[in-house]
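First the structure, in the form of structure tokens, and then the observations on it.
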Amino acid sequence: MDGANIDHQIQGLLLSVSSEDEQRIKDLLETVTSDTLVDFDPTQTSTESLDWAREMASKMHPASTSVDPLLLAPIPQRVLAAVISYIAWWMLMVLLFALLTLSPEAPPYVAVLAISLLPLLGDTWLTAWNGTTPGKFVLGIRVVNVHGFAPGWRSSILRTLVMMWPVLLAYWPGPLGQLAVVITPAWFLLLVVSIARDPESQGLHDRLAGTRVVLGRHADRAVG
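Start counting the sequence shown at 1; every next residue gets the next number (UniProt numbering).
Set out below in structure tokens:
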């Protein structure tokens, strides 16, 4: 870690601590930069001072910015968010299909397919970009990766495929498409059960994609 990063972390820490802690930090910096450091004996330091130093160090450690398990989104909130997203996308699909019928000619197959896949494509893009969906945004929850950032395209696509593969199967003509009608509800129920049984509320789709669903509307995007 270079000096600029250390200075940045110290400045950020000073903004979040009390005036008493701020003075202690300044005194500590003066101690470690003074000529008397060679005479410093850590065994003579009080337990209270050592505990305080450990607490301050933990705040400056990069791991302290990881996702707090206490901020994980509750299961009912996640299920309701999925329902809201479905309704929102369904209403938009109805509107777009209605616009297609205004033309006297038959709508292009590509346009019909794109509108039909709008919920999957839209949720995947929004999740990759900002960790959200229409329902998640309304309820104030979001999807993040292990570093607390928006998942990005790779994780978002994998998460959507694992979660929605029975729905994609429904587009297949014949018996497979009919089978999807039975598989889809059972698969969604299995995902909910996997979320409930996981200590970090990660469903099968979250585990495979390396994501979590936490409280908050906006997820930061990783640089680079």
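Every residue, glycine too, gets a C-beta built ideally from N, C-alpha and C.
Report back the beta-carbon spacing between residue i and residue j to the nearest angstrom; my notes put them in contact at under 8 Å.
{"i": "L169", "j": "A180", "result": "4 Å"}
{"i": "V93", "j": "I115", "result": "Reading the sequence as shown, one finds Met at residue 93 and not Val. 6 Å between Cβ atoms; contact."}
{"i": "A73", "j": "V213", "result": "4 Å"}
{"i": "A209", "j": "I75", "result": "Between I75 and A209 the Cβ distance is about 18 Å, and since that is not below 8 Å, they are no contact."}
{"i": "W153", "j": "L118", "result": "Contact doesn't hold; Cβ gap of about 18 Å is too wide."}
{"i": "V167", "j": "L96", "result": "About 18 Å; that fails the 8 Å criterion."}
Tell me the residue span of the beta strand (DSSP E) that contains residue i.
{"i": "R142", "result": "141 to 145"}
I need the straight-line Cα distance from residue i to residue j, nearest angstrom please.
{"i": "residue 225", "j": "R142", "result": "Residue 225 falls outside the range modelled here, since the chain spans only 1 to 224, and no answer is possible."}
{"i": "M164", "j": "F149", "result": "23 Å"}
{"i": "A81", "j": "P134", "result": "8 Å"}
{"i": "V144", "j": "V110", "result": "32 Å"}
{"i": "L176", "j": "I183", "result": "10 Å"}
{"i": "T160", "j": "A106", "result": "31 Å"}
{"i": "H205", "j": "G122", "result": "17 Å"}
{"i": "T211", "j": "P108", "result": "37 Å"}
{"i": "S201", "j": "K136", "result": "16 Å"}
{"i": "V139", "j": "G174", "result": "Note that residue 139 is Leu in the sequence shown, not Val. Cα-Cα distance, rounded: 38 Å."}
{"i": "Q178", "j": "I87", "result": "23 Å"}
{"i": "Q77", "j": "L158", "result": "22 Å"}
{"i": "R207", "j": "W172", "result": "27 Å"}
Quick check: is the beta carbon of residue i nearer than 8 Å to any beta carbon in chain B?
{"i": "V193", "result": "In summary, chain B is missing from the structure at hand, where a single protein chain is found."}
Compute every distance between the C-beta of residue i and the non-hydrogen atoms of the ligand PLP, then say whether any falls below 7 Å.
{"i": "P134", "result": "Ligands displayed in this structure: none; no statement on the ligand PLP is therefore possible."}
Subject >> Inside the UniProt domain "RDD" (73 to 210) only - beta strand (DSSP E) runs reaching at least 3 residues >> reply: 141 to 145
Original post:
Counting Cβ pairs closer than 8 Å, one from the stretch 95 to 103 and one from the stretch 119 to 132, do we hit at least three?
Top reply: no
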